[in-house]
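As structure tokens, the structure follows; a few thoughts come after it.
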Amino acid sequence: MMKNLKLLLFIFTLLVVCMPIVADASIEPIDEIRELIRDNYVDEVQEVVLAKGSVTEIMKHLDPHSIYMNAKEYQDFINGIEQRIVGVGVVLEEDLKGIKITSLIPKGPAERGDIRPGDIITHVNGRSVVGKPVQIAISLISGEENTTVTLMITRKGQDAPLTKKLIREEIFLPNVESAMLGGNIGYIRLNSFATETSREVEKAIRSLQGADRWILDLRDNGGGYITAAQEITGFFPDAGEAFQLRDREYGTVNYPSILQLKKLSGTPSVLINEYSASASEMVAGSVKEQKAAILYGQKSYGKGSMQSMFNFPDGSVLKMTTARFYSPGGQAVDKIGVKPNKLTEKGKELEIAHRDHLLAKLKGFRQLSDMRNVPVAKKFTVEMNMKMDWKGMETSAIELIELGGEASEVVVEVKDNKTLSVFPTKSLVSGKDYLLIIHPRWKNQQKKPVQQGVYLDISVK
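As structure tokens, this is what we get:
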């Protein structure tokens with residue numbers, strides 16, 4: 001008899017779709033699998049299906065998330081959840097000219113091979129990726145450990161394309177990434193709902209001392225363990241409920257959040273996109289319904305089913321859909337997805353959420369006219385509507401913040417009693433948006449403290 005262990009988890013849907021089924025049919029535990037499907041599958045399965053002659057034939061009649069894996073496939077699946085992959089160590093995004101490298105995994109093959117952020121991949125092993133989804137490029141770049149992948153890239157400032165041959169190796173991706181954005185906005189990105197995710201999130205919150213508002217990034221997060229999702233929901237002060245499960249045995253069961261000592265203060269933002277799936281959708285749907293956060297992005301993937309894992313003595317595993325999950329109030333997710341509160345352009349989710357958090361701190365500030373397509377070496381001139389006494393003005397009164405990034409250091413010069421010149425000490429980033437904020441920390445010529453600050457939006461060409 002098989003070892004009857006059930007591990008409740010949410011899956012990386014997009015990863016599983018690509019997994020081949022290579023188990024040898026001659027040693028498949030088909031009788032045990034028939035019994036498990038008959039007793040545990042989320043829907044009743046007709047006996048004519050269970051009478052098929054192989055596990056492969058039976059699985060064809062179930063949902064695409066139910067799969068029989070041999071020992072190696074199962075380990076690859078777990079490695080995906082725990083963010084252990086084989087590749088070259090690049091973070092990618094789509095670009096009109098190909099696939100852009102946005103960052104590198106430190107000490108990975110790409111960094112050692114002189115790949116740089118900003119490089120654009122046009123071909124992988126001779127196959128063009130121009131105009132292709134980033135997932136296509138990822139599947140081509142990934143592969144077996146110690147094998148070679150050839151990238152053709154274009155680099156700003158160089159006319160001829162570059163060819164780079166890299167050796168794939170095991171990469172341990174950070175499961176949780178964090179940063180302090182300009183204006184004391186804490187940013188936490190979850191790449192997976194793994195076993196240590198909640199502990200890593202708590203560590204990130206503690207490390208970002210001074211953050212008074214938060215952004216949780218679930219974009220491209222395909223899911224993970226059910227307990228991790230309950231724990232992450234517990235970081236939201238107003239989200240007491242996590243989700244609702246429905247299966248054939250127990251019917252409808254509501255599950256609470258697992259409360260955490262540290263909290264995401266204020267009204268957090270959650271970022272989602274079309275590749276946010278499963279456990280990501282559980283968290284997003286829960287906090288949206290309970291008004292515990294504001295969702296930014298695009299409608300999520302729509303994978304609202306739960307799989308149980310049944311282990312066999314030879315190391316093979318049956319991963320089978322045994323339940324569907326819903327929001328705490330019973331809203332369906334499967335094949336529907338979660339809609340954001342604020343629909344944004346793809347790739348602009350973080351910038352828009354960051355701007356909204358900054359503006360929430362600028363109550364009563366006056367908005368000046370936008371500045372569009374400014375050069376990277378721009379000097380900004382700000383003219384007030386009355387004469388000022390600039391003496392004693394604090395340098396911190398003026399902030400230039402890259403949306404989705406950090407504050408830029410600036411030098412301020414007084415041009416006259418109505419005009420300031422603001423010089424960034426470093427070049428601005430091409431294609432990025434900024435917010436210039438001038439806090440009312442000076443007096444007018446009548447020696448009265450200025451009551452109203454100003455801000456303006458800036459886009460860099």
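Sequential numbering from 1 applies to the sequence shown in full-length UniProt numbering. Even glycine gets a Cβ: it sits at the ideal position worked out from N, Cα and C. These numbers come from a predicted model, not from an experiment.
Might you give, ordered along the chain, the residues of its own chain that have their beta carbon closer than 7 Å to the beta carbon of residue i, omitting 5 neighbours on each side?
i	result
residue 377	427
residue 201	176, 188, 232 and 235
residue 365	452, 453, 454 and 455
Pull up the distance between the alpha-carbon of residue i and that of residue j, whole angstroms please.
i	j	result
residue 226	residue 74	18 Å
residue 272	residue 27	42 Å
residue 461	residue 303	39 Å
residue 394	residue 422	14 Å
residue 369	residue 349	23 Å
residue 385	residue 362	19 Å
residue 185	residue 159	39 Å
residue 96	residue 430	15 Å
residue 387	residue 379	21 Å
residue 194	residue 309	16 Å
residue 47	residue 38	9 Å
residue 82	residue 173	9 Å
residue 41	residue 55	14 Å
residue 414	residue 392	12 Å
residue 204	residue 178	6 Å
residue 432	residue 136	26 Å
residue 91	residue 416	47 Å
residue 419	residue 390	10 Å
residue 108	residue 101	14 Å
residue 25	residue 79	Summary for residue 25: the model assigns pLDDT 44, below 50, so the residue's position carries little reliability, and this model does not support an answer.
residue 121	residue 103	13 Å
residue 342	residue 458	22 Å
Leaving out five residues before and five after residue i in sequence, what residues of the same chain have Cβ atoms less than 6 Å from its Cβ?
i	result
residue 22	Note that residue 22 scores a pLDDT of 40, beneath 50, so its modelled location is shaky and nothing firm can be said.
residue 438	398, 453 and 454
residue 492	As shown, the chain starts at 1 and ends at 461. That puts residue 492 outside it, with no answer to give.
residue 408	400 and 424
residue 324	246, 304, 305 and 334
Since residue i and residue j should fall inside the 8 Å C-beta cutoff, what is the C-beta to C-beta distance between them, to a whole number of angstroms?
i	j	result
residue 257	residue 239	5 Å
residue 140	residue 130	About 13 Å; that fails the 8 Å criterion.
residue 400	residue 410	5 Å
residue 182	residue 406	5 Å
residue 138	residue 354	The pair is not a contact, with the Cβ atoms about 26 Å apart (cut-off 8 Å).
residue 312	residue 117	Actually they are not in contact, since the Cβ atoms of residue 312 and residue 117 sit about 45 Å apart, beyond 8 Å.
Buried or exposed: where does residue i fall if 16 or more other Cβ atoms within 10 Å of its Cβ makes it buried?
i	result
residue 275	buried
residue 119	buried
residue 301	buried
residue 44	exposed
residue 207	exposed
residue 446	exposed
residue 253	exposed
residue 250	exposed
residue 213	buried
residue 268	buried
residue 156	exposed
Determine contact between the region 327 to 345 and the region 280 to 288, defined as no fewer than three beta-carbon pairs at a distance below 8 Å. Contact holds: three or more Cβ-Cβ distances are below 8 Å.
Touch check for the region 363 to 377 and the region 322 to 333: three-plus C-beta pairs under 8 Å? Because the criterion of three Cβ pairs below 8 Å is not met, the region 363 to 377 and the region 322 to 333 do not touch.
Would the region 64 to 83 count as touching the region 108 to 127 if we require 3 or more Cβ pairs under 8 Å? no
Three-pair Cβ contact test at 8 Å for the region 284 to 293 versus the region 344 to 359: no
Counting Cβ pairs, one atom from each stretch, are 3 or more of them under 8 Å apart for the region 57 to 67 and the region 26 to 42? yes
At a cut of 8 Å, does the region 141 to 150 reach the region 160 to 171 through at least three beta carbon pairs? Because the criterion of three Cβ pairs below 8 Å is met, the region 141 to 150 and the region 160 to 171 touch.
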